Every structure is written in C-alpha cells, then in structure tokens.
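Residue numbering for the sequence shown follows this note's numbering, beginning at 22 and increasing consecutively. As structure tokens, the structure follows; a few thoughts come after it.
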Amino acid sequence: TVAQAIFITPDEALLEAVESAIEKHLNELPKAEIARTSIENRGALVLVKDRAEAVDLINQVAPEHLELCLDDAEAMSQDIRHAGAIFMGRYTPEAIGDYCAGPNHVLPTSGTARFSSPLGVYDFQKRSSLIMCSKDGVKTLAKTADVLAVQENLDAHARSARYRYQ
Numbered sequence: 022t023v024a025q026a027i028f029i030t031p032d033e034a035l036l037e038a039v040e041s042a043i044e045k046h047l048n049e050l051p052k053a054e055i056a057r058t059s060i061e062n063r064g065a066l067v068l069v070k071d072r073a074e075a076v077d078l079i080n081q082v083a084p085e086h087l088e089l090c091l092d093d094a095e096a097m098s099q100d101i102r103h104a105g106a107i108f109m110g111r112y113t114p115e116a117i118g119d120y121c122a123g124p125n126h127v128l129p130t131s132g133t134a135r136f137s138s139p140l141g142v143y144d145f146q147k148r149s150s151l152i153m154c155s156k157d158g159v160k161t162l163a164k165t166a167d168v169l170a171v172q173e174n175l176d177a178h179a180r181s182a183r184y185r186y187q
C-alpha cells in the first residue's frame, strides 16, 4: 500500500521550507522511489487560512496517524475528533508511537477514523446496553417512540410505547 502524507499549515514560509526539505531528504532515502510515488500520488502540502480550517481539514481526512508539531499540541488535540493516533509536539514522531510508546498500533486506516477507533480492550468485551425509564420519563419518551415507530410502519412497537403513556 502506498502511504499518504499531508502537511497542513497556515504559515506559507513554513510550507515552502517543508517542500524544500522533502526534496532534499527524499533523495537520501534507500526507498526514495517508493516515497516519491507516495508523495506524488497521495501527498499534499496544504496552506490553510487559520487553525480552525486546519482542524476542519484534519477531521475530514481522519488520518491514521496525525503529528501535531506545535507548542500547544495538547490544546489543539482537544479539537481533533477523527484520528487513529495523535503524536503531540515537535519531539513526538510517529516512529515513537509505532515502536516504543506503548499504545496498540492497530489503527483505523483510509479515513475510517471518522467512525472507528484503534483496537482496544472494548473490542474483546461483550457489553449490553441498559435502558430504564421512570414513570414520568416514559410519558415523554414513549410519545417520541410512538411517532417514530408509526413512521416506520412498526405498529406493534408504536402500541408498546403508546400503552405506557396512555
């Protein structure tokens, strides 16, 4: 699989410096051709107007790995809803998380971080949802359930709710 690398910044000078650094270091890699293909096909340097736009874009991409290379990375991470693993600060490269920091490395790929999480203990536990209404609570919720069940043509469901509030 060809990797994807996207650099996002509101700083045009930094973007240009990163572009130059990529060209310089790319030729030094033993697998330079593979890296070049990845960058050409699935790479991007994106100039955004501000941090909010960067966060919106990150959440749209839902990256498997996200490096927040800035001083207040911890604060910015609070706005990231969709990323498999977040590496915070200039001193936390992806390789630290991949090889020695400790979290599981089975991460959601290809944007699936929008709706899934890294593999964790909950994936191996059986759970049940517990739902309980009070006598007063059912008066409100059962009316809603009744209306929705009718819209779905589920008459028995509608009646089961209706009987609780009539």
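Virtual Cβ for every residue (Gly too), placed ideally from N, Cα, C. As the structure is a computational prediction, the values presented were derived from the model and not from experiment.
- Rounded to the nearest angstrom, the Cβ distance from E85 to T130 is 5 Å, consistent with a contact under 8 Å.
- Here the region 154 to 164 makes no contact with the region 99 to 116; the two share fewer than three CB pairs at distances below 8 Å.
- By the Cβ-count criterion, L50 is exposed, with fewer than 16 other Cβ atoms from all chains shown falling within 10 Å of its own Cβ.
- Annotation: the continuous alpha helix (DSSP H) that includes I55 extends over A53 to R63.
- F28 is the residue among F28, E115 and G64 whose C-alpha sits nearest the C-alpha of V76.
- Contact between I60 and A26 holds: their C-beta atoms lie close to 6 Å from each other, under 8 Å.
- Rounded to whole angstroms, the Cβ separation of E44 and E88 is 20 Å, and the two are not in contact under 8 Å.
- Between V39 and L66, the C-beta spacing is below 8 Å.
- E37 and P139 have their alpha carbons spaced roughly 33 Å apart.
- In its chain, beyond the 5 residues on either side, L47 have a beta carbon closer than 7 Å to the beta carbon of A53.
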